[in-house]
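J.: Attaching a single structure in structure tokens format; questions to follow.
Number of protein chains: 2
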Amino acid sequence: MGRRLINMIKFEKDEYLKMGAMVVSKRPELEAIAEKLHQRGYSNLFLTGVGGTTAEFTSMKKVVENHSSIPVYCVNAAELMLEGHKQLIRNSIVITGSKSGDTKETVAVVKWCKERGIETVAITKAETPLAEIADHVCLIDSSGVENTYLSFYYILLKLAELRGEFPDYAQFASEMEHVHEGLVQVKEKFEPVAAKIAKQYHKEEYQMWVGSGTVWGDVYMFTMCILEEMQWKRTKAVSSPEFFHGSLELVDEDTLVILVKGVDACRPLDERVEKFLNQYAEKKVIIDLSNYLIPGVDAKFADICSPMVFETITTGRLAAHWEHHTGHSLAFRRYYRQFDY
Amino acid sequence: MGRRLINMIKFEKDEYLKMGAMVVSKRPELEAIAEKLHQRGYSNLFLTGVGGTTAEFTSMKKVVENHSSIPVYCVNAAELMLEGHKQLIRNSIVITGSKSGDTKETVAVVKWCKERGIETVAITKAETPLAEIADHVCLIDSSGVENTYLSFYYILLKLAELRGEFPDYAQFASEMEHVHEGLVQVKEKFEPVAAKIAKQYHKEEYQMWVGSGTVWGDVYMFTMCILEEMQWKRTKAVSSPEFFHGSLELVDEDTLVILVKGVDACRPLDERVEKFLNQYAEKKVIIDLSNYLIPGVDAKFADICSPMVFETITTGRLAAHWEHHTGHSLAFRRYYRQFDY
Chain L
18 MGRRLINMIK FEKDEYLKMG AMVVSKRPEL EAIAEKLHQR GYSNLFLTGV GGTTAEFTSM
78 KKVVENHSSI PVYCVNAAEL MLEGHKQLIR NSIVITGSKS GDTKETVAVV KWCKERGIET
138 VAITKAETPL AEIADHVCLI DSSGVENTYL SFYYILLKLA ELRGEFPDYA QFASEMEHVH
198 EGLVQVKEKF EPVAAKIAKQ YHKEEYQMWV GSGTVWGDVY MFTMCILEEM QWKRTKAVSS
258 PEFFHGSLEL VDEDTLVILV KGVDACRPLD ERVEKFLNQY AEKKVIIDLS NYLIPGVDAK
318 FADICSPMVF ETITTGRLAA HWEHHTGHSL AFRRYYRQFD Y
Chain U
18 MGRRLINMIK FEKDEYLKMG AMVVSKRPEL EAIAEKLHQR GYSNLFLTGV GGTTAEFTSM
78 KKVVENHSSI PVYCVNAAEL MLEGHKQLIR NSIVITGSKS GDTKETVAVV KWCKERGIET
138 VAITKAETPL AEIADHVCLI DSSGVENTYL SFYYILLKLA ELRGEFPDYA QFASEMEHVH
198 EGLVQVKEKF EPVAAKIAKQ YHKEEYQMWV GSGTVWGDVY MFTMCILEEM QWKRTKAVSS
258 PEFFHGSLEL VDEDTLVILV KGVDACRPLD ERVEKFLNQY AEKKVIIDLS NYLIPGVDAK
318 FADICSPMVF ETITTGRLAA HWEHHTGHSL AFRRYYRQFD Y
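Protein chains in written order, with the numbering used here: chain L, 18 to 358; chain U, 18 to 358.
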């Protein structure tokens, strides 16, 4: 008996695996960037961008901090240009990315860095303003946020290995060669859960999302970029420890709370929220990432992979079900990129 | 003709000034802590706490970063204990505070630091668990978030002066001797605005608050600690640059958006939001902090003082009007500190 075949709406498995293979094929190129940066030497890393990129970098910063002593800063690109930063010096490396390659603030911050003699790295699409001006560029035209994580990990975790701080890098990178097959299985396992959540709660006007640690940036991203931007739903993202210092008072019989239980050191903070919700919340969903570990990937990499897992099941699956039930296309925007503002 | 007398609800001017004088009187004690830390030497500062304290530290981190090259980290206390931090070393200084002196996570993080031989500084109330265990303690039993800022500035900005990075410290500290009289005038100027906002919008189920730079931590705090915790109102706090990468899509004729225009380098980001709101938002409030500069304080300190100003007019005034109109006591909690969870 094989696994039960699950038909996932708006998902093309073959295309997904093909794109995954393309991203994996960029490994040598991305590692070469890390080698160059390591040889050149650097004082610290600045991860900068806007919107989804800032959110991804929030999680990546945590991953780097958990596995290396590289000083790493995550700063919104627009703020960085206006405020500057006393830790941003000629020997800093500024790392950024943009799916479209033309995000205004991201292109501007790279230009701003170049004027100051600060080296920049970008992962983006070919023949775009960003691809043209960054010092070190890797051209990747992928979808799926998990692929963004994987691409940057080939640089960031390689840097940690080169510093002698992440000796497991080779094993990690080797396991990533087949991570997309594993992620498909994770998606399939989550599919009925996604369908159920969207069916039951798509009419909610407001929902609170709670999470912590390495997936906190992604919890923020899902509320901001998917639910707010693409579905026009009012949301609140709050971290598990901060939940108890304000947002808990909103919990009542009408308020939907969605808790993401992580698989890193902060998990006890999520469990504390779970205990509270079980006592006081009527409408709640608990997504436990320990049920969605990636087959074929060593459990010791669970914290590193948890943003990839969270994204593959939410932005990658839950969003499609949300769209299906609300009838509100994920592609439709009132304002964003519709005109200048 | 003198200034028009304004009767501010739930505000005792004499008590406010008396408390202000008490906080100012702590200056030598707080500066002495800075002197000791400077002489001892340190690699970096960790600002840690939970809830309101984390929010205040978010703004203070920005102020320190704007005026000094001291490496400064702001980390939630509960996360810090579970994750540790590779930049937190024996030569770090951990700075924290708690109004009550018994905030569970804050007391625990100081204990956790001591076990690791890391020196701790706390500003808190006498005869409390926190006062008893921190290495350097200043006992201040004050209300008014502006007083929390002032207390910590006497340490943080003095440290910057000792590093030769903030030569204006003496002028700043001297002007702070009369800052509370100035803050009363600021409150009086804002009073009719606070009354109007609360009267017009106290029935809103949801409100979005937008701000940036040095007051971003405070915008977060007002939504979290006042509107959510004390008034049970659904909120979203979003920074001015991030607003354009998700939350803007929620703007319609029914959604209340409150924009705080700051007085620091990030002001153009707030102005961009203002321009957008003027075109597309029906229900909006714009609080321009340039209208509330503190009399008697040099304009060059506007960024440092803007969190104090924002707090004195919102947590200090708007909250009282909100309570007046909603009839929901700011003191009443469903869950917070009502029992263990």
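From the three backbone atoms N, C-alpha and C, an ideal C-beta is built for every residue, glycine too.
Quick check: the Cα distance between U/E340 and U/K253, rounded to an integer number of angstroms?
T.: Locating residue 340 of chain U in the second sequence gives position 323, where the first residue counts as 1. Locating residue 253 of chain U in the second sequence gives position 236, where the first residue counts as 1. C-alpha separation (whole angstroms): 19 Å.
J.: In chain L, what lies closer than 8 Å to U/G69 by C-beta?
T.: Translated into the one-based positions of the second sequence, residue 69 of chain U becomes position 52. Chain L residues near U/G69: H262.
J.: Starting from L/H102, find everything on chain U with Cβ-Cβ shorter than 8 Å and list it in chain order.
T.: Locating residue 102 of chain L in the first sequence gives position 85, counting from the first residue. Going along chain U in sequence order, the residues near L/H102 (Cβ under 8 Å) are E82.
J.: Within the same chain, show all residues whose beta-carbon is closer than 7 Å to that of U/L335, passing over the 5 residues directly before and after it, in chain order.
T.: As a first step, residue 335 of chain U must be located in the second sequence, where it is residue number 318. Excluding residues within five positions, the ones whose Cβ falls inside 7 Å are A211, I214 and A215.
J.: On the DSSP letters alone, give me the boundaries of the alpha helix (DSSP H) that U/D235 sits inside.
T.: Here residue 235 of chain U is taken as the residue at index 218 of the second sequence, counted from 1. That run of the alpha helix (DSSP H) goes W233 to M238.
J.: Does the stretch 260-269 of chain L come into contact with the stretch 239-252 of chain U, if we say contact requires no fewer than three beta-carbon pairs (one atom in each stretch) closer than 8 Å?
T.: Counting Cβ pairs under 8 Å, three or more are found: they touch.
J.: If the cut-off is 8 Å on Cβ atoms, which residues from the stretch 284-315 of chain U count as contacting chain L, listed in chain order?
T.: So the close ones are P285, L286, R289, K292, F293, Q296 and Y297.
J.: Can you tell me which of the three DSSP states L/K278 falls into?
T.: What you label residue 278 of chain L is simply residue 261 of the first sequence in a count that begins at 1. L/K278: strand per DSSP, three-state reduction.
J.: If U/C91 sits next to U/T75, beta carbons under 8 Å apart, how far is it from one beta carbon to the other, in whole angstroms?
T.: Residue numbering aside, residue 91 of chain U sits at position 74 when the second sequence is read from its first letter. Residue numbering aside, residue 75 of chain U sits at position 58 when the second sequence is read from its first letter. At roughly 6 Å, the Cβ-Cβ gap stays under 8 Å, so U/C91 and U/T75 are in contact.
J.: What number of angstroms, rounded off, separates the C-alpha of L/N295 from the C-alpha of U/A95?
T.: Translated into positions along the first sequence, residue 295 of chain L becomes position 278. Translated into positions along the second sequence, residue 95 of chain U becomes position 78. Distance between the alpha carbons of L/N295 and U/A95 is about 21 Å.
J.: Nearest to U/Q104 by CA position, among U/V89, U/H195, U/Y218 and U/K116, is which residue?
T.: The residue you call residue 104 of chain U lines up with position 87 of the second sequence. Comparing Cα-Cα distances from U/Q104 to each of U/V89, U/H195, U/Y218 and U/K116, the minimum goes to U/V89.
J.: Beta carbon of L/S191, beta carbon of L/V227: below 7 Å?
T.: Along the first sequence, read from residue 1 onward, the residue named residue 191 of chain L stands at position 174. Along the first sequence, read from residue 1 onward, the residue named residue 227 of chain L stands at position 210. It is not a contact, given that the beta carbons lie outside the stated cut-off.
J.: So L/K78 and L/H153 are supposed to be a Cβ contact under 8 Å. How far apart are they, rounded?
T.: Counting from one through the first sequence, the residue named residue 78 of chain L turns up at place 61. Counting from one through the first sequence, the residue named residue 153 of chain L turns up at place 136. So it is not a contact: roughly 19 Å between Cβ atoms.
J.: Measuring alpha carbon to alpha carbon, tell me which of L/N164, L/V326, L/T272 and L/S160 ends up nearest L/K220.
T.: Position 203 of the first sequence, counted from the start, is the residue given in the question as residue 220 of chain L. Here the closest residue by C-alpha is L/T272.
J.: Is any beta-carbon of chain L found at less than 7 Å from that of U/N93?
T.: On the second sequence, position 76 is the one that residue 93 of chain U refers to. At least one chain L Cβ lies under 7 Å of U/N93.
J.: Examine chain U for any beta-carbon lying closer than 7 Å to the beta-carbon of L/G19, and answer yes or no.
T.: As a working note, residue 19 of chain L is residue 2 in the first sequence. Confidence is the limiting factor: at L/G19 the pLDDT is only 48, short of 50, which leaves the residue's position unreliable, though a coordinate-based value still follows. Output row for L/G19: interface = no.
J.: Is L/C242 close to chain U, meaning its C-beta is less than 7 Å from at least one C-beta of that chain?
T.: Working through the first sequence from its first residue, we reach residue 242 of chain L at position 225. Output row for L/C242: interface = yes.
J.: Under a CB-based cut-off of 7 Å, is U/S76 close to chain L?
T.: Residue 76 of chain U sits at position 59 when you count from the first residue of the second sequence. No, U/S76 does not count as interfacial toward chain L.
J.: Counting only beta-carbon separations shorter than 7 Å, does L/R351 have a partner in chain U?
T.: For the purposes of this step, residue 351 of chain L is taken as the residue at position 334 of the first sequence. Cβ-Cβ to chain U under 7 Å: yes for L/R351.
J.: Applying a beta-carbon distance threshold of less than 8 Å, which residues of chain L neighbour U/Y59?
T.: Against the second sequence, residue 59 of chain U aligns to sequence position 42. Per Cβ cutoff of 8 Å: no residues; U/Y59 is ~16 Å from chain L at best.
J.: Would you kindly work out how many angstroms separate the C-alpha atoms of L/E82 and U/H102, rounded to a whole number?
T.: Here residue 82 of chain L is taken as the residue at index 65 of the first sequence, counted from 1. Here residue 102 of chain U is taken as the residue at index 85 of the second sequence, counted from 1. Whole-angstrom Cα-Cα distance: 7 Å.
J.: Check whether the stretch 301-317 of chain U and the stretch 141-149 of chain U touch, using three or more Cβ-Cβ pairs below 8 Å as the test.
T.: Touching, no.
J.: Going by DSSP, what residue range makes up the beta strand (DSSP E) through U/A254?
T.: By one-based count along the second sequence, residue 254 of chain U stands at place 237. Segment R251 to S256, the beta strand (DSSP E) holding U/A254.
J.: In the DSSP output, what is U/M241 paired with across the bridge?
T.: Here residue 241 of chain U corresponds to residue number 224 of the second sequence, with the count starting at 1. None; U/M241 has no bridge partner.
J.: So what does DSSP say about L/M18, is it helix, strand or coil?
T.: For the purposes of this step, residue 18 of chain L is taken as residue 1 along the first sequence, with counting starting at 1. Residue confidence is low: L/M18 scores 42 on pLDDT, short of 50, so the model does not pin down where it sits. Its coordinate-derived value is still stated next. Here L/M18 sits in coil by DSSP.
J.: Name the chain L residues that come within less than 8 Å of U/S229, Cβ to Cβ?
T.: Locating residue 229 of chain U in the second sequence gives position 212, where the first residue counts as 1. Simply E96.
J.: What does a CB cutoff of less than 6 Å around U/K300 pick up in its chain, not counting 5 residues either side in sequence?
T.: To locate residue 300 of chain U, count along the second sequence from 1; it is residue 283. The answer, listed in chain order, is L273.
J.: To the nearest angstrom, report how far apart L/A143 and L/G58 are at their CA atoms.
T.: As a position in the first sequence, residue 143 of chain L is number 126, starting the count at 1. As a position in the first sequence, residue 58 of chain L is number 41, starting the count at 1. Answer to the nearest angstrom: the Cα atoms are 27 Å apart.
J.: Give me the Cβ distance between U/E100 and L/A72, rounded to the nearest whole Å; I'm assuming they're in contact under 8 Å.
T.: One-based indexing of the second sequence puts residue 100 of chain U at position 83. One-based indexing of the first sequence puts residue 72 of chain L at position 55. Contact flag wrong, Cβ pair sits at about 19 Å.
J.: Is the number of C-beta pairs between the stretch 59-67 of chain U and the stretch 26-44 of chain U that are closer than 8 Å three or more?
T.: As far as the Cβ criterion goes, the stretch 59-67 of chain U does not touch the stretch 26-44 of chain U, which means the pair count is below three.
J.: Is it the case that the Cβ atoms of L/L47 and L/C155 are separated by a distance below 7 Å?
T.: Residue mapping note: residue 47 of chain L aligns to position 30 of the first sequence, counting from 1. Residue mapping note: residue 155 of chain L aligns to position 138 of the first sequence, counting from 1. Yes. Within cutoff.
J.: Look up U/F63 in the DSSP assignment and say whether it is helix, strand or coil.
T.: Along the second sequence, read from residue 1 onward, the residue named residue 63 of chain U stands at position 46. If DSSP states are grouped into helix, strand and coil, U/F63 belongs with the strands.
J.: For U/E340, report the span of its beta strand (DSSP E) as first-last.
T.: Here the question's residue 340 of chain U lines up with position 323 in the second sequence. Where U/E340 is concerned, there is no enclosing beta strand (DSSP E), although the alpha helix (DSSP H) it sits in stretches over A336 to T343.
J.: Based on Cα-Cα distance, which residue from U/F349, U/V280, U/E182 and U/L347 lies nearest to U/F318?
T.: Reading the second sequence from its first residue, position 301 is the one you call residue 318 of chain U. Nearest option by C-alpha distance: U/V280.
J.: Hey, is U/W371's beta-carbon within less than 7 Å of any beta-carbon in chain L?
T.: For residue 371 of chain U there is no data in the structure shown, the boundaries of chain U being 18 and 358.
J.: Counting only beta-carbon separations shorter than 7 Å, does L/T343 have a partner in chain U?
T.: In the first sequence, residue 343 of chain L corresponds to position 326, counting from 1. Taking Cβ atoms only, chain U never reaches closer than 7 Å to L/T343, which makes this a no.
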